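Undergrad: Chains A and B, in that order, give the protein sequences.
Position one of the first sequence corresponds to residue 402 (my numbering), numbered consecutively onward.
Position one of the second sequence corresponds to residue 3 (my numbering), numbered consecutively onward.
Where is the CB? At the ideal position from N, CA and C, for every residue including glycine.
Fair warning: this is a prediction, and the values are worked out from it, not measured in the lab.
Here it is: the structure, laid out below.
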Amino acid sequence: MTETAPSASIELTYREAVREAIRDALRRDDRVFLMGEDVGRYGGCYAVTKGLLAEFGPERIRDTPLSESGFTGAGIGAAMAGMRPIVELMTVNFSLLALDQILNSAATVRHMSGNQFGVPLVIRMATGAGRQLAAQHSHSLEGWYAHIPGIKVLAPATLEDARGMLWTALQDPDPVLIFENVMLYNMTGKLAADAGPVDIGTAAVRRPGRDISLITYGGSLWKTLEAAAALAGENIDAEVIDLRTLRPLDDATIMASVKKTRRAVIIDEGWRSGSLAAEIGMRIVEQAFWELDGPVGRVCSEEVPIPYARHLEIAAIPQVPKIVAAAKAALGRT
Amino acid sequence: MPSLGADMEAGTLVEWLVKPGDTVKRGDIVAVVETQKGAIEIEIYEPGQVEEILVSLDTKVPVGTPLARIRSEGEATALAQAALIAPAITIAAVPEGGPPAGQPPVPPLAICPAEKRATPAARRLAQISGLDLAAIRGTGPGGAIVLADVERSVGAPAQAGRKRPAGLDLDAMRTAIAAAMARSKRDIPHYYLQHEVNVTACEEWLTRTNAARTPNERLLMGALEMKAVALAARRFPAFNGFYQNGRFEPSPAVHMGVAIAIRGGGLAAPALRDADRLSLDEIMSSLRDLVQRTRAGRLRSSEISDPTITVSSLGERGVEALYGIIYPPQVALVGFGKAVQRPWVAGGAVVPRSVVTVTLSADHRVSDGHAGALFLSEIGSLLEEPDKL
Numbered sequence: 402m403t404e405t406a407p408s409a410s411i412e413l414t415y416r417e418a419v420r421e422a423i424r425d426a427l428r429r430d431d432r433v434f435l436m437g438e439d440v441g442r443y444g445g446c447y448a449v450t451k452g453l454l455a456e457f458g459p460e461r462i463r464d465t466p467l468s469e470s471g472f473t474g475a476g477i478g479a480a481m482a483g484m485r486p487i488v489e490l491m492t493v494n495f496s497l498l499a500l501d502q503i504l505n506s507a508a509t510v511r512h513m514s515g516n517q518f519g520v521p522l523v524i525r526m527a528t529g530a531g532r533q534l535a536a537q538h539s540h541s542l543e544g545w546y547a548h549i550p551g552i553k554v555l556a557p558a559t560l561e562d563a564r565g566m567l568w569t570a571l572q573d574p575d576p577v578l579i580f581e582n583v584m585l586y587n588m589t590g591k592l593a594a595d596a597g598p599v600d601i602g603t604a605a606v607r608r609p610g611r612d613i614s615l616i617t618y619g620g621s622l623w624k625t626l627e628a629a630a631a632l633a634g635e636n637i638d639a640e641v642i643d644l645r646t647l648r649p650l651d652d653a654t655i656m657a658s659v660k661k662t663r664r665a666v667i668i669d670e671g672w673r674s675g676s677l678a679a680e681i682g683m684r685i686v687e688q689a690f691w692e693l694d695g696p697v698g699r700v701c702s703e704e705v706p707i708p709y710a711r712h713l714e715i716a717a718i719p720q721v722p723k724i725v726a727a728a729k730a731a732l733g734r735t
Numbered sequence: 003m004p005s006l007g008a009d010m011e012a013g014t015l016v017e018w019l020v021k022p023g024d025t026v027k028r029g030d031i032v033a034v035v036e037t038q039k040g041a042i043e044i045e046i047y048e049p050g051q052v053e054e055i056l057v058s059l060d061t062k063v064p065v066g067t068p069l070a071r072i073r074s075e076g077e078a079t080a081l082a083q084a085a086l087i088a089p090a091i092t093i094a095a096v097p098e099g100g101p102p103a104g105q106p107p108v109p110p111l112a113i114c115p116a117e118k119r120a121t122p123a124a125r126r127l128a129q130i131s132g133l134d135l136a137a138i139r140g141t142g143p144g145g146a147i148v149l150a151d152v153e154r155s156v157g158a159p160a161q162a163g164r165k166r167p168a169g170l171d172l173d174a175m176r177t178a179i180a181a182a183m184a185r186s187k188r189d190i191p192h193y194y195l196q197h198e199v200n201v202t203a204c205e206e207w208l209t210r211t212n213a214a215r216t217p218n219e220r221l222l223m224g225a226l227e228m229k230a231v232a233l234a235a236r237r238f239p240a241f242n243g244f245y246q247n248g249r250f251e252p253s254p255a256v257h258m259g260v261a262i263a264i265r266g267g268g269l270a271a272p273a274l275r276d277a278d279r280l281s282l283d284e285i286m287s288s289l290r291d292l293v294q295r296t297r298a299g300r301l302r303s304s305e306i307s308d309p310t311i312t313v314s315s316l317g318e319r320g321v322e323a324l325y326g327i328i329y330p331p332q333v334a335l336v337g338f339g340k341a342v343q344r345p346w347v348a349g350g351a352v353v354p355r356s357v358v359t360v361t362l363s364a365d366h367r368v369s370d371g372h373a374g375a376l377f378l379s380e381i382g383s384l385l386e387e388p389d390k391l
């Protein structure tokens, strides 16, 4: 026998994969602790941290006051003092209350201190629309954070990445933000029982194809894969790229794909103007202009506050038919 | 070279849409320039007649370099050097709703008119292949010319995994020449003959004939040479055909391979089909067409495989004689040196005459020197009576 038996896999949700990642980190390194609103007694607003308080105690699973700026700042201080905090912000909308801490402190301390201090902090937060939480809980602002030098921005879309990115992020000497799309928490799938840390900083080709590159991340990955399947029925062979890391962007993987397919559509749940999609489109023009055989397209959110009404919310964000239409437009097919 | 943006320092001339003698009016598109921002069409701002093209294709020149000389209407003789375009036109982002009041309207720089819209990849292949985008039908978004359209025009269907575009690929052409010539010298026992031919009558006949013709109707010595070889080849079938599978098959038709040099170091010898049946005018116009398409990389595959005999002429810039290598599976190649003035004995007196050295490279498996000599003499005799060609 030369083959080893395949490792056992377990079925679990994305939520449970994130929880396993946190539990693993807390076990591996006693400098790691979690803090945020309702992460302890309530088990997290998306139930990600359910059971962790009982397992690890209030010293390491810390409920905080409703003050994003305050507890994010505390996390920065703890990280500078040698701890490895995980700060949970309920949603990206609320993270704006901590934006000063993130942008003016966490992202700049290494620079401002002449490299005397770093901030090895991980901030997790939920992002995205689709749960009818209306215009103050549903936005996708990770593209804004991807604008900031001094931090890394991750967007795990698969169970493997939900399970594996946290530990790698905690090893980083600088702040890392992890965006978890709210529509993924209930996603169920199989994960190897021995799944562990994964690399960050590279994009992944989730579906190889010849005719067009569909570039996306996070919650839009699954819609894009569904769109690629629909396109295959029309004899269009789409390649799907999961960015995984939004800052720094993996230009090499993006350009290798675009140089092969010569066409690209970017799918991004952020608002269109000044979006991450705009940045990627520009990089394609800068680095692969002469390879292009069609206009670069994008599918983004409509430029409105995300509506509460279900049909309007669906209409406001990228959906499979829009992705299919954009891909066909780039190919000159109707 | 106009400035097509504040940061532009130089541009590459990739396409001329006018030639000397053309009349142009304000607003005409006269050329396409490749800049770091892509291909941009150049409009003309002065009406007149194009007198001279100053920058050749694929040449990169700094902003401000004159691209062509045009003569304004009423400017009878003076060769005034007029810059092709008003200086320093910058592409300004025109806000929706037109230019702001108070500013002169920015001349519309048609970056890519709808009927000639092409993708960057398509433009690049067209440039490499020397194709005119105007002649290609687009099948992409909004009728744009996409890569596959250009590939079809080049004659190379899109193949998965193919890296290099077909067309005028000089490296590939050199490899093909190397293979064919090595095979020829390995397989074909060449013999060589040479014969000096008095072409004074040809030159005089050309001078008379061309006197009444416009430049693009004029005949060249090459046309007479081709016709003479074609007629001789019809009479001497041992020099016209293919040696294949151990035996020679003479060809009933005479398809004359014409050796055409390509700028940058390439060579092709496409067929002038049924050359023995064409008039001199037909040979001349076919020759012009072949030269143009060969240099543009737009030959048809049949034109490459059809020739039954090849002619190579060095023309006026050549030397006196050339000894060619036969292009397999053909069995003969006739070479013409340049015409030189020589003392010539005619009627017991030494007189100056124009003389061309004609050579024959022939396949000894198929013919012998005796037949070759008759063939070569026949070419010489035909050239002495050009009015019968």
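If residue 360/B sits next to residue 241/B, beta carbons under 8 Å apart, how far is it from one beta carbon to the other, in whole angstroms?
TA: Going by Cβ atoms, the distance from residue 360/B to residue 241/B rounds to 13 Å, so no, they are not a contact pair.
Undergrad: Among 714/A, 648/A and 696/A, whose alpha-carbon lies nearest the alpha-carbon of residue 659/A?
TA: Here the closest residue by C-alpha is 696/A.
Undergrad: In whole angstroms, give me the CA-to-CA distance for residue 528/A and residue 490/A.
TA: Approximately 10 Å, taken between the alpha carbons.
Undergrad: Taking just the CA atoms, how far does residue 73/B sit from residue 94/B?
TA: Low confidence applies here, because residue 94/B scores a pLDDT of 36, under 50, leaving its location unreliable and the question unanswered by this model.
Undergrad: Three-state secondary structure (DSSP) at residue 329/B?
TA: Residue 329/B: coil per DSSP, three-state reduction.
Undergrad: Would you mind reading off the limits of the alpha helix (DSSP H) that contains residue 680/A?
TA: 677-689 is the extent of the alpha helix (DSSP H) around residue 680/A.
Undergrad: How is the beta strand (DSSP E) around residue 64/B delimited, first residue to last?
TA: Taken as a continuous stretch (DSSP letters only), the beta strand (DSSP E) holding residue 64/B covers 61-64.
Undergrad: Can you find the residues in the same chain that come closer than 6 Å, C-beta to C-beta, to residue 396/A, ignoring five residues on each side of it along the sequence?
TA: This structure leaves residue 396/A out entirely; chain A is present only between 402 and 735.
Undergrad: Just to confirm, are residue 202/B and residue 355/B a CB contact at a threshold of 8 Å?
TA: It is a contact, given that the beta carbons lie within the stated cut-off.
Undergrad: Could you list the residues in the stretch 688-699 of chain A with a C-beta less than 7 Å from some C-beta on chain B, going in chain order?
TA: Of all residues in the stretch 688-699 of chain A, 690, 691, 692, 693, 694, 695 and 696 have a Cβ within less than 7 Å of some Cβ in chain B.
Undergrad: What did DSSP end up calling residue 203/B once you bin it into helix, strand or coil?
TA: Reduced to three states, the DSSP call for residue 203/B is helix.
Undergrad: Under a three-way DSSP split, which group does residue 190/B fall into?
TA: If DSSP states are grouped into helix, strand and coil, residue 190/B belongs with coil.
Undergrad: Which residues bound the alpha helix (DSSP H) around residue 294/B?
TA: That run of the alpha helix (DSSP H) goes 282-297.
Undergrad: Pull out every residue of the stretch 657-675 of chain A whose Cβ sits closer than 7 Å to any Cβ of chain B, in chain order.
TA: Going along the stretch 657-675 of chain A in chain order, one finds 663 with a Cβ nearer than 7 Å to chain B.
Undergrad: Can you pull the chain B neighbours of residue 727/A, defined as C-beta to C-beta under 8 Å?
TA: By Cβ distance, chain B contributes nothing, its closest Cβ being about 11 Å from residue 727/A, past 8 Å.
Undergrad: Under 9 Å Cβ-Cβ, which residues of chain B neighbour residue 731/A?
TA: Ordered by position in chain B, the residues that pass the 9 Å Cβ test against residue 731/A are 143.
Undergrad: Spatial neighbours of residue 694/A within its chain, please: C-beta separation below 7 Å, excluding the five flanking residues on both sides.
TA: The answer, listed in chain order, is 663 and 664.
Undergrad: State the DSSP-derived secondary structure class of residue 197/B, mapped to helix, strand or coil.
TA: Strand at residue 197/B.
Undergrad: Could you check what DSSP says for residue 354/B in three-state terms: helix, strand or coil?
TA: Reduced to three states, the DSSP call for residue 354/B is strand.
Undergrad: Taking the alpha carbon of residue 678/A as the reference point, which residue from 632/A, 650/A and 708/A has its own alpha carbon closest?
TA: Nearest option by C-alpha distance: 650/A.
Undergrad: For residue 306/B, name the three-state secondary structure that DSSP assigns.
TA: Looking at residue 306/B - three-state DSSP - the assignment turns out to be helix.
Undergrad: Just to confirm the assignment, what range does the beta strand (DSSP E) spanning residue 246/B have?
TA: 243-246 is the extent of the beta strand (DSSP E) around residue 246/B.
Undergrad: Does DSSP put residue 547/A in a helix, in a strand, or in coil?
TA: Three-state result, residue 547/A: coil.
Undergrad: Along the chain, where does the alpha helix (DSSP H) containing residue 390/B start, and where does it finish?
TA: No alpha helix (DSSP H) holds residue 390/B; DSSP gives it neither H nor E.
Undergrad: Taking the alpha helix (DSSP H) that residue 661/A belongs to, which residues open and close that run?
TA: First-last of the alpha helix (DSSP H) with residue 661/A: 652-662.
Undergrad: Check whether the stretch 528-537 of chain A and the stretch 702-718 of chain A are in contact - that is, three or more C-beta pairs closer than 8 Å.
TA: Short answer: they touch.
Undergrad: Once you ignore the five residues that flank residue 457/A on each side, which residues in its own chain have a CB closer than 6 Å to its CB?
TA: So the list reads 427, once near-sequence residues are dropped.
Undergrad: Quick one: what does DSSP say residue 532/A is sitting in, helix, strand or coil?
TA: Correct three-state label for residue 532/A: coil.
Undergrad: How close, in whole Å, do the beta carbons of residue 369/B and residue 310/B come, if the pair is a contact with beta carbons under 8 Å?
TA: With a Cβ gap of about 14 Å, residue 369/B and residue 310/B do not count as contacting.
Undergrad: Taking one C-beta from the stretch 259-267 of chain B and one from the stretch 341-348 of chain B each time, how about it: are there three or more such pairs within less than 8 Å?
TA: In short, these stretches do not touch, since the Cβ pair count stays below three.
Undergrad: To the nearest whole angstrom, what separates the beta carbons of residue 656/A and residue 689/A, a pair I think is in contact under 8 Å?
TA: Indeed they touch by this definition, with Cβ atoms about 5 Å apart.
Undergrad: Pull up the distance between the alpha-carbon of residue 564/A and that of residue 604/A, whole angstroms please.
TA: Going from the Cα of residue 564/A to the Cα of residue 604/A covers about 17 Å.
Undergrad: What whole-angstrom Cβ distance do residue 53/B and residue 234/B have, given they're in contact under 8 Å?
TA: So it is not a contact: roughly 43 Å between Cβ atoms.
Undergrad: With DSSP as the reference, identify every bridge partner of residue 134/B, one or two as the case may be.
TA: According to DSSP, residue 134/B bridges with nothing at all.
Undergrad: Classify residue 547/A as buried or exposed, calling it buried when 16 or more other Cβ atoms lie within 10 Å of its own Cβ.
TA: It is buried - the Cβ of residue 547/A has at least 16 other Cβ atoms within 10 Å.
Undergrad: Can you give me, in chain order, the residues of the stretch 117-131 of chain B that have a beta carbon less than 9 Å from any beta carbon in chain A?
TA: The stretch 117-131 of chain B vs chain A, Cβ under 9 Å: 121, 122, 123, 124, 125 and 126.
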